[in-house]
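The structure appears right after this line, and notes come after that.
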Amino acid sequence: MRANHLNEHTAIISARREALCDTLARIIGRSDRFVWEIGSGHGHFLTAYAAAHPDETCVGIDIASERVARADLKRRRSKLEHLHFVRADAEDFLASMPQNARFTSIFILFPDPWPKRRHHKNRIMKHQFLAGVAARSAKGAQLFFRTDHEPYLRDAASVLRENADWIQEETATLPFEEPTVFQKRAARYFTLVAIRR
Ligand SMILES: C[S@@+](CC[C@H](N)C(=O)[O-])C[C@H]1O[C@@H](n2cnc3c(N)ncnc32)[C@H](O)[C@@H]1O
Numbered sequence: 098m099r100a101n102h103l104n105e106h107t108a109i110i111s112a113r114r115e116a117l118c119d120t121l122a123r124i125i126g127r128s129d130r131f132v133w134e135i136g137s138g139h140g141h142f143l144t145a146y147a148a149a150h151p152d153e154t155c156v157g158i159d160i161a162s163e164r165v166a167r168a169d170l171k172r173r174r175s176k177l178e179h180l181h182f183v184r185a186d187a188e189d190f191l192a193s194m195p196q197n198a199r200f201t202s203i204f205i206l207f208p209d210p211w212p213k214r215r216h217h218k219n220r221i222m223k224h225q226f227l228a229g230v231a232a233r234s235a236k237g238a239q240l241f242f243r244t245d246h247e248p249y250l251r252d253a254a255s256v257l258r259e260n261a262d263w264i265q266e267e268t269a270t271l272p273f274e275e276p277t278v279f280q281k282r283a284a285r286y287f288t289l290v291a292i293r294r
């Protein structure tokens, strides 16, 4: 990237993060603990989860605006004030969330598997990302990962095993079930659970 393009790119990212900071301060500024879903898609899981957990602030993010719009429609219909859907990239979210806020649970359900080897770098389950999530997680926070792509399951399990911040659990079930769009399409799927040390 040429220097002026790089400056432009950096400026775009900081403007985006600044706007996200304001949105998140407004939404979750007063709750210091919350549940986070990354890639919340059409919002099926988190809307049902929030309805069943009225005392937990729930925030779902997705980079696809039309998916966030559909999820937000569900939120408005459900009238759940502790539920929020935000258009955001997961790394921008980590960089923009309020300083005192910590995750109690993190759900990553059917993330894009990026099956080609040369695209593995795009997978969300990476060391650096998990370290960033750990830094913003309360002690004992639970991370739930589910995929229908078996090679991604193996890769995610090995990344978690090698990461000192997370202890992988033997029992790999979600504490709450509501099938997502991708889960309904999957012939079978696999779940990993890890606890923040
Ligand atoms: C395969 S879909 C799964 C959606 C939903 N969880 C489900 O199971 O139906 C993956 C979702 O992750 C979103 N996504 C991909 N990368 C993301 C990122 N870096 N931050 C936030 N969302 C992301 C995509 O836009 C997409 O909606």
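So for the sequence shown, my numbering puts the first residue at 98; every next one is plus one. A virtual CB, placed ideally from N, CA and C, is assigned to each residue, including glycine. From a predicted model like this one, the values you see are computed outputs, not experimental measurements.
Contact annotation: the region 212–229 touches the region 246–255, with at least three C-beta pairs closer than 8 Å. Straight-line spacing of the CA atoms in I292 and R199 works out to 14 Å. CA-to-CA, the gap between L117 and E188 works out to about 11 Å.
Note that the C-beta distance between A148 and L177 is below 8 Å. The beta carbon of T244 sits closer than 8 Å to those of F207, P208, P210, L250, A253, Y286 and F287, all from its chain and outside the five residues before and after it, given in chain order.
Cβ neighbours of A122 within its own chain (closer than 7 Å, five residues either side excluded): P195. In this structure, the beta-carbon distance from T144 to R172 falls below 8 Å.
By the Cβ test, the region 267–274 is not in contact with the region 222–235, since fewer than three Cβ pairs between them sit closer than 8 Å. For the region 194–249, the continuous alpha helix (DSSP H) assignments of 4+ residues that do not extend past its boundaries occur at 224–232, in sequence order. In the structure shown, R130 adopts extended strand secondary structure according to DSSP, grouped into three states. F204 and E134 do touch by the CB rule: their CB atoms are close to 4 Å apart, below 8 Å.
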